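*Asks:* What follows is a single structure, and I will ask about it in a moment.
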Ligand SMILES: [Zn+2]
């Protein structure tokens, strides 16, 4: 079993542990063997995902070997972003609650603290009504996946109005960690806005602080400690579950 498959399984659990996904939401990784394929779980609640549930898809989001399994309706989010973003190695789609209010208002998410500095790189909002007549808000076609990928552009994440968000990274760890800190950033910004009151002053990170902080985090081993902690906890939990299941 490759480390990537295990990391992907653990990612589902880490995101659930942090309230970023519940029964819905998914995380994928580009295949290191073939950049025109990606790995994603079969349709399953994140905390139930194990190594056997990980499937391979081509970039048109067709499973390589379906084996009769159920697959996520919104898998097109993954395939279409991988097509447009060769730098992206992992993608998280989630409905994390604190982020949603920023997708339905004109209040922009702003960089507020160290580990959420990447917010300052820009988080566009995908308005699905710009790309199809009003109706279902699920990204379940190539067209909608491509439209979302186009709105995302070269940014680290995009909000999906009335739905959730999509977060990308150059590794599974980066996409997962960004997803968790995007949720925290939205929560902290709402708290700051409440404390400051209407028109009250909030000091956000400025452009220089965003540039310096994100450069340090991307180049240094900043995330290794975070990833090691969360991954170890999730791994131990997974081992415990396997032991209990085996009796
Ligand atoms: Zn969704």
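Residue numbers (the numbering used here): 40 to 286. Where a beta carbon is used, it is the ideal one built from N, C-alpha and C, also for glycine. Please read these numbers as outputs of a predicted model, since none were measured by experiment.
#1: In this structure, how does DSSP classify residue 197 when only helix, strand and coil are distinguished?
#2: Compute the Euclidean distance between the alpha carbons of residue 106 and residue 140, then round it to the nearest angstrom.
#3: Does at least one heavy atom of ligand 1 sit under 7 Å from the Cβ of residue 113?
#4: Is it the case that the Cβ atoms of residue 178 and residue 274 are separated by a distance below 8 Å?
#5: Use the C-beta contact count for residue 184: other C-beta atoms within 10 angstroms, 16 or more gives buried, fewer gives exposed.
#6: Within 7 Å: the Cβ of residue 134 and any heavy atom of ligand 1?
#7: For ligand 1, is there any heavy atom lying closer than 7 Å to the beta carbon of residue 117?
#8: Compute the Euclidean distance between the alpha carbons of residue 134 and residue 146, then round it to the nearest angstrom.
#9: Using three-state DSSP, classify residue 75 as helix, strand or coil.
#10: Across which residues does DSSP place residue 205 in a beta bridge pair?
#11: Among all the DSSP beta bridges, which residues are the ones paired with residue 69?
#12: Around the C-beta of residue 173, are 16 or more other C-beta atoms found within 10 angstroms, so that it is buried, or is it exposed?
#13: Is residue 77 near ligand 1 - that is, is its Cβ less than 7 Å away from at least one heavy atom of it?
#14: Within 10 angstroms of the Cβ of residue 299, are there 16 or more other Cβ atoms? Answer buried if so, exposed if not.
#15: For residue 102, write down the residues that DSSP places opposite it in a beta bridge.
#16: For residue 163, tell me which candidate among 74, 252 and 144 has the shortest Cα-Cα distance.
#17: For the alpha helix (DSSP H) containing residue 50, list its first residue and its last residue.
#18: With a threshold of 7 Å, establish whether the CB of residue 63 neighbours any heavy atom of ligand 1.
#19: Hey, out of 122, 234 and 222, whose CA is closest to residue 74's CA?
*Replies:* If we stick to the structure as given:
#1: In the structure shown, the three-state DSSP call for residue 197 is strand.
#2: Distance between the alpha carbons of residue 106 and residue 140 is about 39 Å.
#3: Yes, Cβ of residue 113 sits closer than 7 Å to a heavy atom of ligand 1.
#4: No, these two residues do not count as a Cβ contact at 8 Å.
#5: Counting Cβ neighbours within 10 Å, residue 184 comes out buried, since at least 16 surround it.
#6: Of the heavy atoms belonging to ligand 1, at least one sits nearer than 7 Å to the Cβ of residue 134.
#7: Annotation for residue 117 indicates a beta carbon at 7 Å or more from all heavy atoms of ligand 1.
#8: Each residue's CA atom was taken as its position, placing residue 134 and residue 146 some 18 Å apart.
#9: Of the three classes helix, strand and coil, the one that applies to residue 75 here is coil, per DSSP.
#10: Per DSSP, the beta-bridge partners of residue 205 are 132 and 197.
#11: DSSP lists 77 as the beta-bridge partner residues of residue 69.
#12: Residue 173 sits exposed, since fewer than 16 C-beta atoms from the chains shown fall within 10 Å of its C-beta.
#13: Not one heavy atom of ligand 1 is found less than 7 Å from the C-beta of residue 77.
#14: As displayed, the chain neither begins before 40 nor continues past 286, which places residue 299 out of reach and without an answer.
#15: DSSP, once it has assigned bridges, lists 96 as partnering residue 102.
#16: Of the listed residues, the one whose Cα sits closest to residue 163 is 144.
#17: Here the alpha helix (DSSP H) through residue 50 covers 42-56.
#18: The answer is yes for residue 63.
#19: Ranked by Cα distance from residue 74, the first of 122, 234 and 222 is 122.
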